[in-house]
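Colleague:
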Amino acid sequence: MILVLNGPNLRRLGTREPDVYGAETFEDLAELCRDTGRKLGEHVEVRQTDDESEMIGWIHEACDGRIPVVLNPAAFTHYSYALRDAIAQRTAPLVEVHISNPAAREEFRHTSVVAGVASGTIAGFGLQSYVLALQAISEMNTTS
Numbered sequence: 012m013i014l015v016l017n018g019p020n021l022r023r024l025g026t027r028e029p030d031v032y033g034a035e036t037f038e039d040l041a042e043l044c045r046d047t048g049r050k051l052g053e054h055v056e057v058r059q060t061d062d063e064s065e066m067i068g069w070i071h072e073a074c075d076g077r078i079p080v081v082l083n084p085a086a087f088t089h090y091s092y093a094l095r096d097a098i099a100q101r102t103a104p105l106v107e108v109h110i111s112n113p114a115a116r117e118e119f120r121h122t123s124v125v126a127g128v129a130s131g132t133i134a135g136f137g138l139q140s141y142v143l144a145l146q147a148i149s150e151m152n153t154t155s
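For the sequence shown, the numbering used here assigns the number 12 to the initial residue and increments by one for each residue that follows.
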């Protein structure tokens, strides 16, 4: 199993700033992730929350279960040290993803407090960022 966890406002995909995040909906994203998982022989569960506490609980669940994670922390990326501390306890690969390229956007988006405790970061490839992250985790699972 691989958890695909999404932070604040990602359920608004398709209507939220389509010039930045594209026209695809959250359900399109979820189906893309599940389909990619099937092709990789992995079960993928997709979740979204606007609640930092719930996200931290999901990370704890992944840590306790040694479950790999694809994480789009969204706004939590830039300030949630609580999320960072939870991720630091990880027991399986965790790949940070972003639909847009934060480094090409507003300056406050240039810093990720979670990147330093992630296995890696993929950003700027639209929803394809998730596909690349799932492929990376699947590869890490087969080589470990």
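Ideal Cβ positions, reconstructed from N, Cα and C, are used throughout, including at glycine.
Remember, it's a predicted structure, so these values are computed and weren't measured experimentally.
Closest to R22 by C-alpha separation, out of T36, T47, L14, would be which residue?
Modeller: T36
Colleague: Taking the alpha carbon of S61 as the point to measure from, which residue in A103, N17, A99 has its own alpha carbon closest?
Modeller: Note that residue 61 is Asp in the sequence shown, not Ser. Closest option to D61, Cα to Cα, is N17.
Colleague: Can you tell me which of Q146, T132, L82, A126 puts its alpha carbon nearest to the alpha carbon of D46?
Modeller: Q146
Colleague: Run the CB neighbour count on M66, radius 10 Å, all protein chains shown included, and call it buried at 16 or more, exposed below.
Modeller: buried
Colleague: Starting from G48 and walking both ways along the alpha helix (DSSP H), at which residues does that stretch end?
Modeller: DSSP places G48 inside the alpha helix (DSSP H), whose first and last residues are 37 to 51.
Colleague: Could you pull out every unbroken alpha helix (DSSP H) segment of at least 4 residues lying fully inside the segment 56 to 102, listed in chain order?
Modeller: 63 to 76, 92 to 98
Colleague: Rounded to a whole number of angstroms, what is the C-alpha to C-alpha distance between A134 and Y90?
Modeller: 18 Å
Colleague: Whose C-alpha, out of V15, L14, A41, I13, is nearest the C-alpha of L24?
Modeller: A41
Colleague: Taking the DSSP output, what are the residues bridged to G131?
Modeller: V106
Colleague: Does the segment 91 to 111 come close enough to the segment 45 to 59 to have 3 or more Cβ pairs within less than 8 Å?
Modeller: Segments in contact, no.
Colleague: Have a look at T122, L82, A103 and flag the residue whose alpha-carbon is nearest the alpha-carbon of V142.
Modeller: L82
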